[in-house]
Structures are given as structure tokens and as C-alpha cells.
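Numbering (my numbering), first residue to last: 478 to 913.
Given below as C-alpha cells:
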């Protein structure tokens, strides 16, 4: 079956989902790198006698670069193609992990893990998923966004228990080598399946009855990235989304993935058990993020964000009360609910970026994600400093609960005033959905 342009119309949906699946695999592998500082803390402190602050600094640099790289990566995808940037990102994380096994000083950990792995994972962040979704899908964008958003935590779920076991029984270096090999193994799959645009294989975006030619490469990626930031920074919604997402990063990646295992260990829980709980959070994170994408297609994204932040703040207050040396019912309840909420904020934020900023939404989301990572980096570093100063993580949990309440209020006051380009995008979306 062909359309008026002579292009195939029967396989577009299947190819789009295969592209999304391969993109998800790359995001899964990159996600496995994000929790490593948490389970590396004790081995590194025992071998090198580094402070938690020194280890947290490397994690903070990693998170900041992860965030700052994302918007530039989105622009580079428009210039050089999605596939090339994804392959470069996988090569960077593999090289960073392998070089980390040779380090002997804290500054080297910051260089190899903080800078190199940060650059690589930033290229494989949700800006990759957002760009793929915008190009390959016209309908079901919220659902696809939710699925791809869950990939980073799914990577933690898949790799974290095995990595913790490897560290406990064979040292931390084999664990990093395993991660590097996983990244290298995904590279041929990306090269084989991933394409930059549906037009590359003569197909339409999923949900569209119109063939869309591949746009010309956009030159000046760095200049465009800064220009988009400048223009977005002149609008109030950008700062509202960036502020809320910074708090999101502080209350998830920044504190949980770096300090949850050490905090649980403070209460007598073995690190392997705490790592298993983090992996269990990942199990429910997948369900929560996909469900959030489904809800985002149907509900007000602002109200969803507010509800997520309010519930997360309540969980933060409860954590000091439920954390014990052994796994109990209250702790399992925390794990389940936190998992459902962890990355549930991503689909609504991406949807709001698309509403306000249209064709530039991937880059704007990249900058918003940079704020997320700055918040995460601040919590990662300051969480370790607070633990060294107070001998407990309790003040950190309470402070983050207050910030989550502020993010809930910030989400509710966002006013919907979409740009003209965003209105065009929304009309195209609605028209395609009706025709389908």
C-alpha cells in the first residue's frame, strides 16, 4: 500500500517502535552508570581513604555535565544525526569507565567519571528520547516519552544487583569493565537499526498520514543551543519548569542514587540489600513513568506535576521513620510508591516544553534537564557534606521535603501561553490523530 507520494504506508508504525526500542536500550545502558557512585563509595573509601565529599564531587561533576551536555547533544543531533551522536556517547561512557579502573587519585575519578562519563551519558539522556519521539511519532508521544524515560531507571534495575554482587565478591574494577563492555555491545545495534528520520527509510512518522521529508542539517549547533536558551530564558514558564525540575533532580538522582545505600548502611542495612531496594524502585519506576506518559496524553500536565511533588515530599518526611537494618513492610511501601513517582515528572515536563516551545522543545528540555542535574549535583555533594557534618542524613530528607512542597506550588502557577510554533505543532498533532 502506498500514499500519494509513492511512499510505503504499512510499515511505518513497526519501524518507529523498533527505533524507539533501540533508543531505549541505549538509554538503559547509560542509566546503569548513574548509580555507580553510590555503590562505589565504600570500596573507594576503603582502598584510597577518600572522604565522602571527594567522591560526591566526582558524582556532582558527572551530573552537571550530564545536564549541560544534553541541550548541545540535541542540537548536534539536528546537525550530524541521532545515530552518530548516540554512538559517540556510548564510546565516551565506555572509555570513561575503563579509565576509571586505572585511577589512583581523587582528581582522576573526577576527570574520568565526572567529565568523560558525564559527557557520554548526557548525550544519551532523555534529549535523545525526546528527539526520537518528536521525529518518529505524531501520536502516542506521551506514552513513548514515558517508556523511554523509564529506560534510565530500568538500567539501574537490570545492572545494579549484578554490579553490587560483583563489587562484593570480585572488587569494583570488574564491575566497571562489565559496564564498559555493555556500552560497546550496544553500538552495533544502534548502527544497524537506528535512523535519524523516518524519511531515511521512506516512511511516515507513527500516527501521520503524510510523508515528511527529512529536514536539512541545521548548522551552528552550539550557537543555536545558546540562542534557544536565550529566547527561552526570556519566558516565565522556562524558569518555572527549570526550578521545579531542579528540585526533582535533588530529590531523586542527587540524593537517592548517591546516598540511599550509605544512609541505609548507617542504619545497619547491608549495602547489597540497599542496592536491591534501589533496583526494586527501578521496577516500579518503569510502571510509574509509562503510566505518567499515558496520563500526560489525557490530563493537565501541571496538575500531574504538582501531585507528584507533593507525594514525593511526604515520602521524604517518612524515610527516617521507616529506614531500619532489615527490610520491613513500611520500607517496601516507600520503595513501591517512590518508584512509581521517581521519573513520573519527565513526561509532563516534556509535554509542557513542547506546548510552549514547539520545534525547539528538545533543546529547551535539554536546558531544563540541565537544571535537573544541577539540583541533583547539589544534593549529591551537599548530602555527603551534611552527613559528614551532622553524622546523619535526617536533615537532608527534611530539607528536600520542603523543597518538594515548593515545587508543587510552582507547578500549579504555570500559565499556558503557547508560542505560535507550538500551536502549529499542536494543530498538526490533533489533525493527524483525527485522520488516524
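Beta carbons are placed, not taken as given, at the ideal position from N, Cα and C, and that holds for glycine.
- Burial state of residue 819 is buried, judged by a 10 Å Cβ sphere holding 16 or more other Cβ atoms.
- With respect to the 7 Å criterion, residue 612 and residue 674 are classified as neighbours on the basis of their beta carbons.
- Around residue 758, the same chain offers 812, 815, 816, 819 as residues with beta carbons nearer than 7 Å, after the five sequence neighbours per side are excluded.
- Counting only runs of 3+ residues, no beta strand (DSSP E) is found wholly inside the region 812–876.
- In the DSSP assignment, the residues bridged to residue 683 are 614.
- Each residue's CA atom was taken as its position, placing residue 739 and residue 751 some 8 Å apart.
- From the listed residues 547, 532, 688, 709, the smallest Cα separation to residue 580 is found for 532.
- Taking 4 residues as the minimum length, the region 636–669 contains no alpha helix (DSSP H) run wholly inside it.
- Residue 773 places its beta carbon 7 Å or farther from that of residue 848.
- By the beta-carbon neighbour count (other beta carbons within 10 angstroms, threshold 16), residue 702 is buried.
- Comparing C-alpha distances from residue 797 to each of 852, 835, 872 shows the shortest one belongs to 872.
- Residue range 529–557 is occupied by the alpha helix (DSSP H) that includes residue 540.
- In this structure, residue 826 and residue 715 do not form a Cβ contact; the two beta carbons are roughly 11 Å apart against a cut-off of 8 Å.
- In this structure, residue 602 places its C-beta atom within 7 Å of the C-beta atom of residue 547.
- One alpha carbon belongs to residue 882, the other to residue 822, and they sit about 14 Å apart.
- For residue 733, the enclosing alpha helix (DSSP H) covers residues 733–743.
- Per DSSP, residue 791 is one residue of the alpha helix (DSSP H) stretching across 778–799.
- About 32 Å separates the beta carbons of residue 530 and residue 760, which is beyond the 8 Å limit, so they are not a contact pair.
- With fewer than 16 other Cβ atoms from the protein chains shown falling within 10 Å of its own Cβ, residue 803 counts as exposed.
- Between residue 767 and residue 623, the beta carbon gap of about 4 Å places them in contact (Cβ cut-off 8 Å).
- Residue 520 and residue 584 have their C-alpha atoms roughly 17 Å apart.
- Assignment of residue 688 by DSSP, reduced to helix, strand and coil, places it in the coil class.
- Judged by beta-carbon spacing, residue 744 lies within the 7 Å limit of residue 800, meaning their Cβ atoms are closer than that value.
- A Cβ-Cβ separation of about 5 Å places residue 574 in contact with residue 653 under the 8 Å criterion.
- Counting along the chain, the unbroken alpha helix (DSSP H) around residue 515 starts and ends at 513–525.
- Listed in chain order, the non-local C-beta contacts of residue 507 below 6 Å within the same chain comprise 598, 601, local neighbours out to five positions each way being set aside.
- Cα atoms of residue 854 and residue 747: separation of roughly 25 Å, rounded to the nearest angstrom.
- Bounds of the alpha helix (DSSP H) holding residue 714 are 713–726.
- Per the coordinates, the alpha-carbon of residue 671 lies some 42 Å from the alpha-carbon of residue 879.
- Within the same chain, 512, 515, 633, 637, 733, 734, 737, 738 come within 8 Å of residue 755 by CB-CB distance, once the 5 residues on both sides are set aside.
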